[in-house]
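There are 2 protein chains.
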Amino acid sequence: MSTSIRNATTEDAAQILEFIRALAAFERAPDAVVATEQALIRDGFGKHPFFHCLIAEYDGEPAGFALYFFNYSTWVGRPGIYIEDLFVLPQFRRLGIGRDLLKRVAAIAVENGCQRMQWQVLDWNTPAIDFYRSLGAEFMDEWRTVRLNSEMLERLATGGDGHAEDKTA
Amino acid sequence: MSTSIRNATTEDAAQILEFIRALAAFERAPDAVVATEQALIRDGFGKHPFFHCLIAEYDGEPAGFALYFFNYSTWVGRPGIYIEDLFVLPQFRRLGIGRDLLKRVAAIAVENGCQRMQWQVLDWNTPAIDFYRSLGAEFMDEWRTVRLNSEMLERLATGGDGHAEDKTA
Chain C
0 MSTSIRNATT EDAAQILEFI RALAAFERAP DAVVATEQAL IRDGFGKHPF FHCLIAEYDG
60 EPAGFALYFF NYSTWVGRPG IYIEDLFVLP QFRRLGIGRD LLKRVAAIAV ENGCQRMQWQ
120 VLDWNTPAID FYRSLGAEFM DEWRTVRLNS EMLERLATGG DGHAEDKTA
Chain V
0 MSTSIRNATT EDAAQILEFI RALAAFERAP DAVVATEQAL IRDGFGKHPF FHCLIAEYDG
60 EPAGFALYFF NYSTWVGRPG IYIEDLFVLP QFRRLGIGRD LLKRVAAIAV ENGCQRMQWQ
120 VLDWNTPAID FYRSLGAEFM DEWRTVRLNS EMLERLATGG DGHAEDKTA
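These protein sequences, in sequence, are chains C and V. Numbering follows numbering that gives the first Met the number 0, in which position 43 of the first sequence is assigned residue number 42; successive positions increment by one, without gaps. Numbering follows numbering that gives the first Met the number 0, in which position 55 of the second sequence is assigned residue number 54; successive positions increment by one, without gaps.
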């Protein structure tokens with residue numbers, strides 16, 4: 000009984016999408032996933048991939064995944080790693096697979112000269128929060144995450160100048 | 000009296016570092032910046048840059064900057080833009096320069112097929128929060144940001160297996 004971790008290939012696209020959907024369901028957003036296998040292949044496995052993905056297998060069965068990309072810290076002056084998704088299927092939990100995945104991503108970070116690894120967790124996911132704390136992780140709770148979604152993004156990109164808001168920043 | 004926005008070049012490295020330091024001071028972490036001009040040139044202007052940077056000038060004077068990179072949404076199945084730094088020097092505020100910078104980054108996001116633009120703001124920075132809200136931004140307050148810093152990252156990367164924590168995830 001053992002865990003192995005390997006880089007994903009285009010042939011894993013269907014499995015990755017299944018993991019993404021299972022994670023979204025766990026995160027109480029089962030209908031949020033509109034990604035397709037084709038999109039994952041295009042964006043993750045081309046010449047300049049937007050993300051990297053590791054697959055964990057337990058006795059040869061797909062058990063979980065970690066999907067990450069490089070971000071940048073202007074304070075440190077170095078790239079870091081941001082983990083977008085970390086997930087282990089329910090039937091493979093409590094076997095250390097989540098830790099194995101995080102450990103592998105941490106090793107990749109160190110190899111690439113990164114001094115930080117960052118991710119996000121839902122505030123009600125207490126088991127994960129406790130686990131991350133046990134690794135010595137810090138919680139950056141003074142920072143709020145701000146997002147402009149599709150419609151508002153387009154409105155800002157194409158909108159005229161001279162709004163009242165112009166004077167506020 | 001007008002604002003122009005252009006892509007940064009290696010010749011802007013000293014100015015970018017000055018902006019980074021001024022932003023860190025504003026964010027109450029004046030000693031947090033260990034980045035150097037050399038690091039910014041290496042990481043931002045090579046063959047595979049880790050970040051992109053825009054400089055705003057007001058009547059030819061450097062007035063502010065936006066530093067961003069591409070992230071990835073596995074739900075949307077598309078890259079997005081993450082803005083690491085957005086800053087306008089105090090003497091150039093209330094001229095709409097922050098909005099002009101955000102607007103330009105939003106246009107770059109749309110050109111690249113992104114459906115999301117994301118960043119973070121300190122919870123006490125009320126003027127910025129109000130400004131972002133006026134643009135229709137959402138605050139993802141159920142998500143906590145988790146970070147492993149240098150020492151803990153290295154410990155995880157190189158640490159042995161079989162810890163008690165192995166069983167928690």
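Idealized CB from N, CA, C, for every residue including glycine.
To the nearest angstrom, how far is it from the Cα of residue i to the Cα of residue j?
{"i": "ARG143/V", "j": "THR125/C", "result": "11 Å"}
{"i": "VAL87/C", "j": "LEU101/C", "result": "11 Å"}
{"i": "GLN37/C", "j": "ALA12/C", "result": "8 Å"}
{"i": "ALA106/V", "j": "PHE68/V", "result": "14 Å"}
{"i": "ASP58/C", "j": "ILE96/C", "result": "12 Å"}
{"i": "LEU155/V", "j": "SER149/V", "result": "10 Å"}
{"i": "ASN6/C", "j": "PHE44/C", "result": "11 Å"}
{"i": "SER133/C", "j": "ASP99/C", "result": "14 Å"}
{"i": "TYR71/C", "j": "GLU83/V", "result": "7 Å"}
{"i": "GLY158/V", "j": "ALA62/C", "result": "22 Å"}
{"i": "ALA136/C", "j": "ARG115/C", "result": "10 Å"}
{"i": "PRO48/C", "j": "MET0/C", "result": "33 Å"}
{"i": "PRO89/C", "j": "PHE130/V", "result": "42 Å"}
{"i": "GLU169/C", "j": "ILE4/C", "result": "Residue 169/C cannot be examined here, being either before or after the span of chain C that is shown, 0 to 168."}
{"i": "LEU85/V", "j": "GLU10/V", "result": "19 Å"}
Below 8 Å on the Cβ atoms is my contact criterion, and I expect residue i with residue j to pass it. Report the Cβ-Cβ distance as a whole number of Å.
{"i": "ALA108/V", "j": "LEU152/C", "result": "6 Å"}
Keeping to the same chain, check which residues put their C-beta closer than 7 Å to that of residue i; ignore five residues upstream and five downstream.
{"i": "CYS113/V", "result": "ARG77, PRO78, GLY79 and ILE80"}
{"i": "ARG41/V", "result": "none"}
{"i": "ILE128/V", "result": "VAL120"}
{"i": "LEU39/C", "result": "ALA12, ILE15 and LEU16"}
{"i": "PHE91/C", "result": "TYR57, ALA62 and GLY63"}
Along chain C, which residues have their Cβ under 7 Å away from the Cβ of residue i?
{"i": "PRO61/V", "result": "Here the premise fails: no neighbours, minimum Cβ distance about 16 Å."}
{"i": "PRO78/V", "result": "ASP42 and PHE49"}
Using beta-carbon positions only, say whether residue i and residue j come within less than 7 Å of one another.
{"i": "GLN117/V", "j": "ARG146/C", "result": "yes"}
{"i": "ARG93/C", "j": "LEU53/C", "result": "no"}
{"i": "ALA55/V", "j": "THR2/V", "result": "yes"}
{"i": "PRO29/V", "j": "ALA21/V", "result": "no"}
{"i": "VAL75/V", "j": "TRP74/C", "result": "no"}
{"i": "ASP140/C", "j": "GLU141/V", "result": "no"}
In chain order, what residues of the same chain lie with their CB nearer than 8 Å to the CB of residue i, ignoring the 5 residues before and after it?
{"i": "ALA34/C", "result": "LEU16 and ILE19"}
{"i": "PHE25/V", "result": "PHE86"}
Using the beta-carbon of each residue, which ones in chain V are nearer than 7 Å to residue i?
{"i": "TYR71/C", "result": "ASP42, PHE49, PHE50, PHE68 and GLU83"}
Identify the contact partners of residue i in chain C, using a Cβ-Cβ distance below 8 Å as the criterion.
{"i": "LYS46/V", "result": "Per Cβ cutoff of 8 Å: no residues; LYS46/V is ~10 Å from chain C at best."}
If I measure Cβ to Cβ from residue i and keep anything under 6 Å in the same chain, skipping five residues before and after, which residues do I get?
{"i": "PHE50/V", "result": "GLY43, LEU66 and PHE68"}
{"i": "GLN14/V", "result": "PRO61"}
Counting only Cβ pairs nearer than 8 Å, list the residues of chain V close to residue i.
{"i": "MET151/C", "result": "LEU134, GLY135 and ALA136"}
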